[in-house]
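The next block holds one structure in the form of structure tokens; read it before the comments.
Numbering (the UniProt record's numbering), first residue to last: 1 to 307.
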């Protein structure tokens with residue numbers, strides 16, 4: 001196991017370098033950060049040249065990337081357009097988005113697996129058809145439409161929940177945004193669980209467990225569900241990074257000042273340090289989630305061994 005973890009960590013290094021370099025080139029090639037600082041006013045050439053030199057923008061992109069990565073490893077992610085260090089923005093934004101992601105992840109995992117299990121056990125019946133129709137509708141409706149509809153009905157018309165998240169983003173206020181954020185992923189988890197449960201319900205090991213006279217609850221939870229969760233765990237693990245990165249729309253709708261909000265502001269103001277810094281942390285989270293998923297395989301299926 002230890003050798004496998006070390007090998008996977010070494011494999012992550014080129015992935016991390018390639019991903020961050022691609023993002024770095026895309027962001028810094030989109031526009032001139034110095035010109036964006038001055039807005040509609042044209043900066044003085046001497047002043048602009050001095051700022052570019054201070055920001056290391058007068059060097060080729062590969063040299064800029066190496067310089068930027070050196071700064072990151074020392075904890076310096078640069079300065080935002082407002083003059084605030086990017087690390088301070090991260091300190092306020094990431095805790096909010098992490099809480100939102102956890103709420104969405106719990107909703108996605110619990111509701112998705114539950115609906116998929118019900119549909120898989122009753123394949124071809126009314127419950128199965130209802131789950132398939134529900135998930136199809138959820139996937140078909142865009143996230144921003146779902147968000148505005150829930151905000152209007154539950155927050156404005158019926159006063160069941162607050163239409164906007166309060167400062168500090170308490171967990172109670174994140175239930176509705178978390179439901180919006182988890183909607184599409186929940187549908188995919190339900191469909192994936194349904195397919196996996198339906199396939200494994202015809203497996204020989206399950207018929208053997210039933211023939212032994214084991215209680216139905218034990219057959220379903222220990223034998224059927226445990227083996228059916230392997231592809232679901234793969235999707236859930238990779239979806240953690242997608243939930244955090246995909247919170248831009250949800251955070252804009254519910255006025256949540258998290259990672260999505262800061263990324264939007266960074267792109268809008270053409271502030272590369274903010275965009276690249278936040279995306280770099282998201283890449284690390286995504287890679288760590290993938291490693292955790294690989295290690296969970298052995299927990300779900302003892303037959304899996306790591307060399």
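Ideal placement from N, C-alpha and C gives every residue a C-beta, glycine not left out. Note that the structure is predicted; figures quoted are calculated from it, not measured.
Could you check whether the region 201–220 touches the region 255–264, counting it as contact only if at least three pairs of C-beta atoms, one from each stretch, sit closer than 8 Å? no
So the candidates are 55, 5, 12; which of them puts its Cα closest to the Cα of residue 272? 55
Please list the terminal residues of the continuous alpha helix (DSSP H) segment that includes residue 166. Here residue 166 belongs to no alpha helix (DSSP H), and DSSP marks it neither H nor E.
How far does the alpha helix (DSSP H) with residue 201 in it extend, from its first residue to its last? Premise fails: residue 201 is in no alpha helix (DSSP H) and is neither H nor E.
Per DSSP, the bridge partner or partners of residue 79: 85
Cut-off 7 Å between Cβ atoms - residues of its own chain near residue 89, not counting five sequence neighbours on either side: 80, 262, 274
Identify, in the order they occur along the chain, each residue of the same chain with its Cβ nearer than 7 Å to the Cβ of residue 24, setting aside the five sequence neighbours on each side. 65, 68, 276
Would you mind stating whether residue 138 and residue 115 have Cβ atoms separated by less than 8 Å? The Cβ atoms of residue 138 and residue 115 lie no closer than 8 Å to each other.
Using CA atoms only, rank isn't needed, just tell me which of 175, 61, 197 is closest to residue 128. 197
Test item: CB-CB of residue 175 and residue 161 under 8 Å: Their beta carbons are under 8 Å apart, which means residue 175 touches residue 161 by this criterion.
Through-space distance from residue 100 to residue 245, alpha-carbon basis: 12 Å
In the structure shown, what three-state DSSP assignment does residue 74 receive? coil
Just mark residue 205 as buried or exposed, buried being the case when its beta carbon has 16 or more other beta carbons within 10 Å. exposed
What would DSSP say about residue 26, mapped onto helix, strand or coil? helix
Does the region 248–260 touch the region 89–98, meaning 3 or more C-beta pairs lie closer than 8 Å? yes
Since I believe residue 147 is in contact with residue 283 (beta carbons under 8 Å), could you give me their beta-carbon distance rounded to a whole number of angstroms? Actually they do not touch by this definition, with Cβ atoms about 26 Å apart.
Between the Cα of residue 186 and the Cα atoms of 86, 285, 103, 224, which residue gives the shortest distance? 103
Measure from the alpha carbon of residue 165 to the alpha carbon of each residue in 158, 178, 5, 157, then state which is nearest. When each option's Cα is compared against that of residue 165, the closest is 178.
Can the beta-carbon of residue 105 be found closer than 8 Å to that of residue 243? Contact: yes.
I'd like the list of long-range same chain contacts for residue 289, defined as Cβ closer than 8 Å, with 5 residues on each side in sequence excluded. 237, 238, 240, 241
Rounded straight-line distance, which links the Cα of residue 60 to that of residue 49: 15 Å
Assuming residue 112 contacts residue 193 under a Cβ cut-off of 8 Å, what Cβ separation, rounded to an integer in Å, is found between them? 6 Å
Among 62, 5, 140, the one whose alpha carbon lies nearest that of residue 20: 62
Between residue 151 and residue 142, is the Cβ-Cβ spacing less than 8 Å? Judged by their CB atoms, residue 151 and residue 142 are not nearer to each other than the 8 Å cut-off.
Between the C-alpha atoms of residue 124 and residue 199, what's the straight-line distance to the nearest angstrom? 13 Å
Can you list, in chain order, the residues of its chain with a C-beta nearer than 8 Å to that of residue 287? Leave out the 5 residues immediately preceding and following it. 12, 15, 16
Could you compute how far the alpha carbon of residue 190 sits from the alpha carbon of residue 83? Counting only the Cα atoms, residue 83 lies some 45 Å from residue 190.
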